[in-house]
Amino acid sequence: MQARPFEGDGPGSFLVGRDAELCLLGFMVEELKKGRSGLLTVTGAAGAGRSTLLRAAVALARRAGVATGLVRCSPLETEIPFSTVSQLVAVLGPPEQLPVLSLAMCEQPGEDCADPESSISLPYEAFSAIVRDAPLLLAVDDGQWADPWSHRWLQAMARRADHLPVLLIRAVRDGALPGPMREAPGWGLLDEAYPVAPRELRLGPLGAEEVSALLDAEGPGAVAPEFAAAAVRATGGNPAVLRAALGRFAAAGLPFGADEVPELLRRAEQAVVARTGRILRGLPPEAVELLRVLTLCGPEFDFDLVRAVAGLPRPAADAAMDLLVRLDLAEGGESPRCAGAAVAAGVRAELDAAERERLCTRAAELGHLGGVGSSALAELLLETPPVGEDWAVRVLTEAAGRHADAQRYERAAALVRRALAEPVTSTEQQRLRVDLAAVEVGHAPAASDSRLRQVLAEPGAGTPRLLVRAADLLVCRGDTDAARLAIAEVCANEDASEETATLSALGWLADEECATEPDIPLSPLPPLPAEPAGPAQAGALAWSLVLEGTRPDRARRFARVALAVRDDDAPLGPRIAASGALIFTGDVAEGIAGRDAVIFDARRRGARAAAAQTLVHRAAVIMRAGRWDEAAADLAAAAAELPLSSWHPAMLPRYLMIEILLNLHRGRIELAEEVADAELPLGAERGIAWGFLLYAKGELRLATGDAAAALRLFQECGRILRAKRWLNPAVQPWRIKAAVAHARLGDLAAARRMAGAELELARRWDVPGVFAGLHQPVLAALAEAGVELDPDDVLPERSGTLSEPEQQVAALAVRGLSNRDIADRLSVAVRTVELRLTKVYRKLGVEGRAELPAGLASQGWQG
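Heads up: the sequence shown begins at 247 in my numbering, then just goes up one per residue.
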């Protein structure tokens, strides 16, 4: 298929895929030369090529020796009598007749046009004089804008078609030709004079083949298939848009390659915007105002609200809407809208800032009264100055919450910042700042932290509950150094209250997570009391007992107190700690349920960092229970909850620890090493979580056979944990892994010391299953190296029930054998006998050998 330029057309304009249409035009011109009159209506969407085809018809006629007249109608001339015919007269009539013809056509148009015969004689004579020498082709472009007087005049002329060989070709937009015009007797007479059946020719969009042909003709070289497909998609096959996009493209000297597709899409959009602007500048004021309102308001506004915003009465609004639909600038219906994003961009480009503010303010106010939803109103308020109404802040924050839920953080933040521009109280301003910080964590975490610190630095501007919320968000985000410092300052300046107790608990949790060696001296925090003053302190106390590895019964009781409160004012940090405490006291199902509740509430409140942190903690617990796939799903959910780029550096090590261990379990050593070797942001090493990452790296080094490197990593992990007095092996059993590394390096004495220290701490915690995460390969590795561990030390049974090794030791002790004799009889170390007897005494609740027979008898043992 060939793209053919035609005579009289401007550069860069082509007829592509219009072979049938050109053949029809040629045939009609030949019929005209034979003295046969006719009428052809060319229709199509805006930019479909109607004007191009019309000019092609004129060029064909001129080459065939036919007299031609081409005029273009305008919406600004629709109400001017005989404006279209006047253009024809000016084009075709002798210059000396123009004043006489104009006077004849314009005399009393309102009355005479009821019967156009009264004013047709002089123009008819002029046309007759032309036709005596050659047939006449009249081409009327944008005929939908022709004035009614000219329509009637042309109808009257049609009644004399048998005397004048005239071919009338009019181009109109799709749907723009009114029904009565089609049915007018004059047009029918012209139709009957034309012998070929088609009376209307519709130009549809170019197909993929036609677009490819045009690209081949225009391109500087080969056209990439991706580029051709994008050209069809971006322009919809609209020739005008395609020509404009390619013209801009060629001006830049760019090839039609796959790499240039984004540039093509951008330039196609620019072409639609520019075309929309040109159309707007030719529209009546009512249509322009209505389209502006449609563009700004969107489909949530029904037509009555739209016309109210535009300030148009119903008849004028209906007429303007009909016009916009016919121009493909709007879509009609009960909820009218602007026709596409590119059209909307064109309308906005023609709208100055002051006018936009005026329309958006009026639309927001009327929309609020009309019950329009908060999302639509909020978008309007983004374009307005402060309106000073309470509903504006509510609308903006509601819409911001929906955007944040969909992870459109930047849009949500823009809405909250707009709410801050409204005149509000200092307390309301602080609330909005905290809301903004909760949203900004998704895309601007540093700004979020700074905003929360600012709220804590101005405690008098907000309520104590706002201070608690700000502190909780800061702690859960991982900015624990700043949180601990800010909370200490607030507690030092606030009177004792429930909120102060809650803040002190958050400060303590921050202190436990922050750097072991602070850069500057820290203000003292109020110490945690022996009995909690509220649920937040209960959660902090429960976690402190777990870390110390003492009194699991009290830790369990305090944790349940902390988790019993779930109102919106209860901070999430202490609940995260409390659920962890229950897990390490052996109440795993209850602890995981507590974490599930925290995740749900964090999402509901928009506290995404808290939700992400809790998912990571839950993944760690589930992984230690051997549920690897579930742990991987939780880890992925944490990254989806909050982009890793928005995580505080101090939070990342825990995430990476789990990722390393998951890859190790799946045998993906290379992936685990990639994670371990990844460069981390500054500050990642300044929290307690750094020790957990070192532990995972130690596991990796053990798996790859580098026991020396593993030992160094385990020892550094232990140094960090001991510095913060995180002593409980249930939290992180680094000593037992260090013992394995010592054993592999041949230092059995050191291995026994490390293993013995771990077991002693485990016995102090006295929670069954404390070493449930250690599997048989670890025990086997120690045993092979000569480090003997009682399996019951690793997985202790329920209190009061003796394991088989314990029963053997107890039976020999009751018979009076010494520890040395028992060791020789069972072929174990004396220390092993001592450990087993100690556990037997504890389980039976006896003080020593003298009470052992009675204790065994109370259990029904008949040794």
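C-beta atoms are modelled at their ideal positions from N, C-alpha and C, and glycine is treated no differently. It should be emphasised that the depicted structure is a prediction, and the values quoted were computed from it without experimental measurement.
Inter-residue Cα distance where the pair is residue i and residue j
i	j	result
Pro631	Gly819	38 Å
Gln783	Gly706	23 Å
Glu446	Leu615	48 Å
Glu745	Ala734	13 Å
Glu455	Val335	42 Å
Gly434	Val552	In this predicted model, Gly434 has a pLDDT of only 39, less than 50, meaning its place in the structure is not dependable; the value taken from the coordinates is given anyway. When rounded, the distance between both Cα atoms is 40 Å.
Pro691	Ser892	6 Å
Asp815	Ser750	15 Å
Arg715	Ala953	46 Å
Pro927	Ala942	18 Å
Glu836	Ser825	8 Å
Val680	Ala839	28 Å
Val457	Arg479	10 Å
Val641	Gly708	22 Å
Arg998	Pro899	30 Å
Trp637	Leu627	11 Å
Ser320	Ala587	26 Å
Gln333	Gly290	24 Å
Ala809	Leu917	The sequence shown places Leu at residue 809, rather than the Ala named in the question. Their backbone Cα atoms lie some 38 Å apart in a straight line.
Residue i versus the options, residue with shortest Cα-Cα distance
i	options	result
Gln978	Met903, Leu1058, Asn909	Met903
Leu939	Ala922, Leu948, Ala955	Ala922
Gly1062	Glu601, Arg1095, His397, Leu597	Arg1095
Leu570	Leu300, Asp813, Pro531, Ile982	Pro531
Val593	Arg521, Arg448, Gly467	Arg521
Arg800	Ala896, Ala291, Pro778, Ala622	Pro778
Ala389	Ala599, Leu526, Arg318, Glu931	According to the sequence as given, residue 389 is Gly; it is not Ala. Taking only the C-alpha atoms, the option nearest Gly389 is Arg318.
Leu270	Gly281, Ala303, Cys606	Ala303
Thr1078	Ala1100, Glu1006, Leu1102, Ala1103	Glu1006
Phe846	Ala884, Glu876, Thr673	Ala884
Thr748	Pro889, Asp727, Pro817	Pro817
Arg264	Ala1103, Gly453, Val736, Ala468	Gly453
Gly284	Leu413, Arg301, His649	Leu413
Pro485	Leu511, Pro451, Gly467	Pro451
Ala595	Val518, Gly619, His649, Glu472	Val518
Arg560	Leu542, Leu536, Arg932, Ala576	Leu536
Arg990	Arg971, Gly951, Arg968, Gly1002	Gly951
Spatial neighbours of residue i in its chain, beta-carbon cut-off 8 Å, leaving aside the 5 residues before and after
i	result
Glu438	Residue confidence for Glu438 is low, a pLDDT of 45 falling below 50, so the modelled location carries little weight and cannot support an answer.
Val834	Leu828, Val867, Ala871
Gln1054	Leu1072
Leu1098	Ala1056, Ala1059, Val1060, Val1086, Tyr1087, Leu1090, Val1092
Gly311	Lys279, Ala380
Trp874	Leu908, His911, Arg912
Heavy atom of the ligand ADP within 7 Å of residue i beta-carbon
i	result
Glu323	Of ligands this structure carries none, so the ligand ADP is not represented either.
Contact belief for residue i with residue j at Cβ below 8 Å, rounded distance in angstroms
i	j	result
Leu488	Leu460	7 Å
Cys722	Gln859	6 Å
Ile966	Gly937	4 Å
Leu383	Thr298	Not really, about 16 Å apart at Cβ, beyond 8 Å.
Glu580	Phe547	That pair is no contact at about 11 Å.
Arg851	Gly688	Their Cβ separation, rounded to whole angstroms, is 14 Å, which puts Arg851 and Gly688 out of contact at 8 Å.
Ala504	Ala463	Ala504 to Ala463, Cβ: 20 Å. No contact.
Ser790	Leu774	6 Å
Asp393	Glu323	6 Å
Ala865	Leu881	5 Å
Ala684	Leu661	Incorrect: roughly 13 Å between the Cβ atoms, too far for contact.
Lys983	Glu945	7 Å
In DSSP terms, what residue i is bridged to
i	result
Glu577	Arg583
Gly284	Leu413
Leu382	Ala313, Val412
Leu447	Val288
Val418	Thr289
Own chain, CB closer than 7 Å to residue i, minus 5 neighbours either side, in chain order
i	result
Pro669	Pro632, Gly634
Trp1011	Gly795, Pro798, Asn974, Ala976
Arg663	Leu682
Gly544	Arg583, Ala622
Val803	Here the sequence assigns Arg to residue 803, which means Val is not the residue at that position. So no residue of the chain qualifies.
8 Å Cβ cutoff, residue i in contact with chain D
i	result
Val862	Looking for chain D here will not work: only one protein chain is present.
Residues of its chain near residue i, where Cβ-Cβ distance is below 6 Å and the 5 sequence neighbours each way are ignored
i	result
Asp1039	Confidence at Asp1039 is low in this model, with a pLDDT of 48, below 50, so its placement is unreliable and no value can be given for it.
Ala307	Val275, Thr314, Leu383
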